[in-house]
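Peer 1: Residue numbers (the UniProt record's numbering): 1 to 229.
Here's a structure for you.
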Amino acid sequence: MATFVLVPGAWHGSWAFEAVTPLLEAAGHTVHALTLTGLGPDPDEAAVARANLDTHADDVIRVVETAGITEATLVGHSYGGMVISAAADRAAERISRLVHLDAYVPRDGDSCWSLTTDAYRHSFIDGAAELGYAVRPPFRAPHGGDARRRPHPLASLVQRIRLTGAVETIARRDFIYCSGWEDGTPFAGLRARLDADPGWRVQDIPTGHNALREAPARVAELLIDLGTR
1 MATFVLVPGA WHGSWAFEAV TPLLEAAGHT VHALTLTGLG PDPDEAAVAR
51 ANLDTHADDV IRVVETAGIT EATLVGHSYG GMVISAAADR AAERISRLVH
101 LDAYVPRDGD SCWSLTTDAY RHSFIDGAAE LGYAVRPPFR APHGGDARRR
151 PHPLASLVQR IRLTGAVETI ARRDFIYCSG WEDGTPFAGL RARLDADPGW
201 RVQDIPTGHN ALREAPARVA ELLIDLGTR
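Structure follows, in structure tokens:
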């Protein structure tokens, strides 16, 4: 059985996986769903102001080390792909598999800012205009988005990742591409690149970006099935 460490995207907490976690656990797997520093339900302006990508990578490593995990499967959704890449590069000996769920896959020196689209960069700027150190959650039509979303630390979105190459030694690396939002996805080019890379396995799922909410059973199935190769 696998041990999953689930890392949400920007503005979200562990609750983003609330429909997927019980499915993985019902199949006999161990699950640690994370809420990254500054994204908790109780406002903590100091934590949000100081948190960056390194902070969030440390969050993952802390869970892996505290729980004594030696063969973790790190799953990152969206921005979470930056986090699991940074964490895996620092603790590769404890990681057996990476799953980027419609998520950024950075190279050394990349940032979420550099890898995303102009539309997202504008949303980061607009969202940070009020607080300066954090990006307000974007409005989501028609209901405005989940009320549990929190302002996301701006530094974590613009900090360049530092990779030694250790992350590339992890033998099992999977990318799940959400194909149902072709007009807005920043991941089409990434999908093509990874599909041509023998070190990656690419799977498509016909949902929008939030596959965790739209198709949790299919996401859980992919997480489990991709781990059997």
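Positions of the beta carbon are idealized from the N, C-alpha and C atoms, including for glycine.
For residue 265, does the count of other Cβ atoms within 10 angstroms reach 16, so buried, or fall short, so exposed?
Peer 2: The question about residue 265 has no answer here: the residues shown for the chain are numbered 1 through 229.
Peer 1: Would you mind stating whether Leu223 and Val7 have Cβ atoms separated by less than 9 Å?
Peer 2: By one-based count along the sequence shown, residue 223 stands at place 223. By one-based count along the sequence shown, residue 7 stands at place 7. Contact flag unset, no.
Peer 1: Grab me the residues of Arg201's own chain with a C-beta within less than 6 Å of its C-beta, minus the 5 sequence neighbours each way, in chain order.
Peer 2: Numbered from 1 along the sequence shown, position 201 holds the residue referred to as residue 201. For Arg201, where only same-chain residues beyond five positions count, the Cβ hits under 6 Å are Asp174.
Peer 1: Using beta-carbon positions only, say whether Leu226 and Val99 come within less than 9 Å of one another.
Peer 2: The residue you call residue 226 lines up with position 226 of the sequence shown. The residue you call residue 99 lines up with position 99 of the sequence shown. Yes, Cβ-Cβ distance for Leu226 and Val99 is below 9 Å.
Peer 1: Would you say the stretch 67 to 84 touches the stretch 43 to 50, given that touching needs at least three Cβ pairs under 8 Å?
Peer 2: The answer is no - the stretch 43 to 50 does not touch the stretch 67 to 84, with fewer than three Cβ pairs under 8 Å.
Peer 1: Identify whether Arg148 lies in helix, strand or coil by the three-state DSSP scheme.
Peer 2: Taking the first residue of the sequence shown as position 1, residue 148 is located at position 148. The answer is coil: DSSP assigns Arg148 none of H, G, I, E or B.
Peer 1: Could you please give the first and the last residue of the uninterrupted beta strand (DSSP E) stretch that includes Phe17?
Peer 2: Taking the first residue of the sequence shown as 1, we reach residue 17 at position 17. No beta strand (DSSP E) contains Phe17, which DSSP labels as neither H nor E.
Peer 1: Quick one: is His143 buried, meaning 16 or more other Cβ sit within 10 Å of its Cβ, or exposed?
Peer 2: Position 143 of the sequence shown, counting from 1, holds the residue named residue 143. Any answer about His143 is weak, because its pLDDT of 49 lies below 50 and its placement is not dependable; what the coordinates show is given next. His143 is exposed by the Cβ-count criterion.
Peer 1: For Phe122, is the classification buried or exposed, using 16 other Cβ atoms within 10 angstroms of its Cβ as the cut-off for buried?
Peer 2: For the purposes of this step, residue 122 is identified with residue 122 of the sequence shown, where counting begins at 1. A small correction: the amino acid at residue 122 is His; Phe does not occupy that position in the sequence shown. It counts as exposed.
Peer 1: Mind checking Arg150: buried by the 16 CB within 10 Å criterion, or exposed?
Peer 2: As a working note, residue 150 is residue 150 in the sequence shown. Counting Cβ neighbours within 10 Å, Arg150 comes out buried, since at least 16 surround it.
Peer 1: Starting from Leu101 and walking both ways along the beta strand (DSSP E), at which residues does that stretch end?
Peer 2: Within the sequence shown, residue 101 is the residue found at index 101, counting from 1. It spans 95 to 101 - the beta strand (DSSP E) in which Leu101 sits, taken as one unbroken run.
Peer 1: Assuming the contact rule is C-beta atoms closer than 8 Å, Pro106 and Ser85 should be a hit. Round their C-beta distance to whole Å, please.
Peer 2: Within the sequence shown, the letter at position 106 stands for residue 106. Within the sequence shown, the letter at position 85 stands for residue 85. Indeed they touch by this definition, with Cβ atoms about 5 Å apart.
Peer 1: For Gly81, which option in Asp146, Gly180, Ala27, Arg97 has the closest C-alpha, if you only look at C-alpha atoms?
Peer 2: Residue 81 sits at position 81 when you count from the first residue of the sequence shown. Among Asp146, Gly180, Ala27, Arg97, the Cα nearest to that of Gly81 is on Arg97.
Peer 1: According to DSSP, which residues form a beta bridge with Pro153?
Peer 2: Mapped onto the sequence shown, residue 153 falls at position 153. The partner list for Pro153 (beta bridge, DSSP) reads Ala134.
Peer 1: Between which two residues does the beta strand (DSSP E) holding Ile205 run?
Peer 2: In the sequence shown, residue 205 corresponds to position 205, counting from 1. Start and end: 201 to 205.
Peer 1: Name the DSSP beta bridge partners of residue 232, please?
Peer 2: Residue 232 lies beyond the range of the chain shown here (1 to 229); nothing can be said about it.
Peer 1: Looking at the C-beta of Leu6, does it have a partner C-beta in chain B at a distance below 9 Å?
Peer 2: Absent from the structure: chain B. Only one protein chain is present.
Peer 1: Measure the beta-carbon distance from Ala51 to Ser156 and round it to whole angstroms, keeping in mind my assumption that it falls under 8 Å.
Peer 2: Here residue 51 is taken as the residue at index 51 of the sequence shown, counted from 1. Here residue 156 is taken as the residue at index 156 of the sequence shown, counted from 1. Their Cβ separation, rounded to whole angstroms, is 6 Å, which keeps Ala51 and Ser156 in contact under 8 Å.
Peer 1: Where does Asp174 fall in DSSP's three states?
Peer 2: One-based indexing of the sequence shown puts residue 174 at position 174. The answer is strand: DSSP assigns Asp174 an E or B state.
Peer 1: Inspect the CB distances between the stretch 166 to 181 and the stretch 190 to 201 and report whether three or more fall short of 8 Å.
Peer 2: A contact exists between the stretch 166 to 181 and the stretch 190 to 201.
Peer 1: From this set, Tyr120, Pro216, Cys112, Ile95, which residue's C-alpha is nearest Arg160's C-alpha?
Peer 2: Along the sequence shown, one-based indexing puts residue 160 at 160. Checked all of Tyr120, Pro216, Cys112, Ile95; the closest Cα to Arg160 is Cys112.
Peer 1: Quick check: does the Cβ of Leu154 come within less than 8 Å of any heavy atom belonging to the ligand FAD?
Peer 2: With respect to the ligand FAD, the structure shown offers nothing to examine, as it has no ligands at all.
Peer 1: Among Gly189, Ala103, Ala16, Phe4, which one has its Cα closest to the Cα of Thr30?
Peer 2: Against the sequence shown, residue 30 aligns to sequence position 30. Per the Cα distances, Phe4.
Peer 1: Do Gly208 and Gly189 count as a contact pair if the criterion is CB distance below 9 Å?
Peer 2: Residue mapping note: residue 189 aligns to position 189 of the sequence shown, counting from 1. Residue mapping note: residue 208 aligns to position 208 of the sequence shown, counting from 1. The answer is no: Cβ separation not under 9 Å.
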